[in-house]
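Quick note: the sequence shown uses the working numbering, first residue 5, plus one each step. Below is one structure, written out as structure tokens, with a few remarks after it.
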Amino acid sequence: MLVPSKFTKLEESTIFRMHAILAEKQPGDTVAQIFAKTRGEFLDASEFLVAMDVLFFLGYLDVQEDTGVIDYA
Numbered sequence: 005m006l007v008p009s010k011f012t013k014l015e016e017s018t019i020f021r022m023h024a025i026l027a028e029k030q031p032g033d034t035v036a037q038i039f040a041k042t043r044g045e046f047l048d049a050s051e052f053l054v055a056m057d058v059l060f061f062l063g064y065l066d067v068q069e070d071t072g073v074i075d076y077a
């Protein structure tokens, strides 16, 4: 996970890019749909998944295991 530092700009950090996920949130979105909407914001799928993990651990979202639908807090 990229965090802001004197070598990494805030805009290049994973923490900053998590905002893209929250900005695109729509009720009923799946993980695949939100990845498609925000694909240009992340370097690759692994950075997207790290951002999703952090948002999950912070309590901003939950993913229904059976359907893959994202529930936002």
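Cβ coordinates follow ideal geometry from the N, Cα and C atoms, glycine included. These numbers come from a predicted model, not from an experiment.
May I ask you to report which of helix, strand or coil DSSP gives residue 47? Three-state DSSP puts residue 47 in coil, outside helix and strand.
Cβ atoms of residue 41 and residue 51: under 8 Å apart, would you say? no
Margin query: Going by beta-carbon coordinates alone, are residue 59 and residue 65 separated by less than 8 Å?
Written below: yes
* Do you know whose CA, among 19, 39, 49 and 46, lies nearest residue 79's CA? -> The structure shown does not extend to residue 79, since the chain is modelled only from 5 through 77, so no value can be given for it.
Nearest candidate by alpha-carbon position, reference residue 47, set 77, 18 and 57: 18
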